[in-house]
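Report on one structure; see the data block that follows.
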Amino acid sequence: MKQRLDKLWKFISEHLEVNYGYLPKLPMDYEDDVRVDEYIEEIKNDFKDMREQGLIYEESRQESIDILKKLNDI
Numbered sequence: 152m153k154q155r156l157d158k159l160w161k162f163i164s165e166h167l168e169v170n171y172g173y174l175p176k177l178p179m180d181y182e183d184d185v186r187v188d189e190y191i192e193e194i195k196n197d198f199k200d201m202r203e204q205g206l207i208y209e210e211s212r213q214e215s216i217d218i219l220k221k222l223n224d225i
């Protein structure tokens, strides 16, 4: 299970933080590794909110959707 959390953190640092300056406001540590699916849903909800608030530019919208779809592979 720790592998999933490690993969999620790697994905966040390589894609979400670099491209969008996004770091989740979640206590994602190894004790909570079993909650990876919850973390992924929370991240998706954050990005949906960011798009609705106009914090993700329209030209980046599809790219952000495609990146978030990759979360399902974690």
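Numbering-wise, this note's numbering comes out as the position in the sequence shown, counting from 1, plus 151.
Ideal placement from N, C-alpha and C gives every residue a C-beta, glycine not left out.
No experiment lies behind these values; they were computed from the predicted model shown.
One alpha carbon belongs to V185, the other to S211, and they sit about 31 Å apart.
Here DSSP, grouped into helix, strand and coil, assigns K176 to coil.
No Cβ-Cβ contact shorter than 8 Å links P178 with D197.
For L167 and Y190, the gap between their C-alpha atoms comes out near 14 Å. Assigned with DSSP and collapsed to three states, Q204 falls in coil, not helix or strand. Taking each of E214, K195 and E192 in turn and checking the Cα distance to N170, the smallest one comes out for E214.
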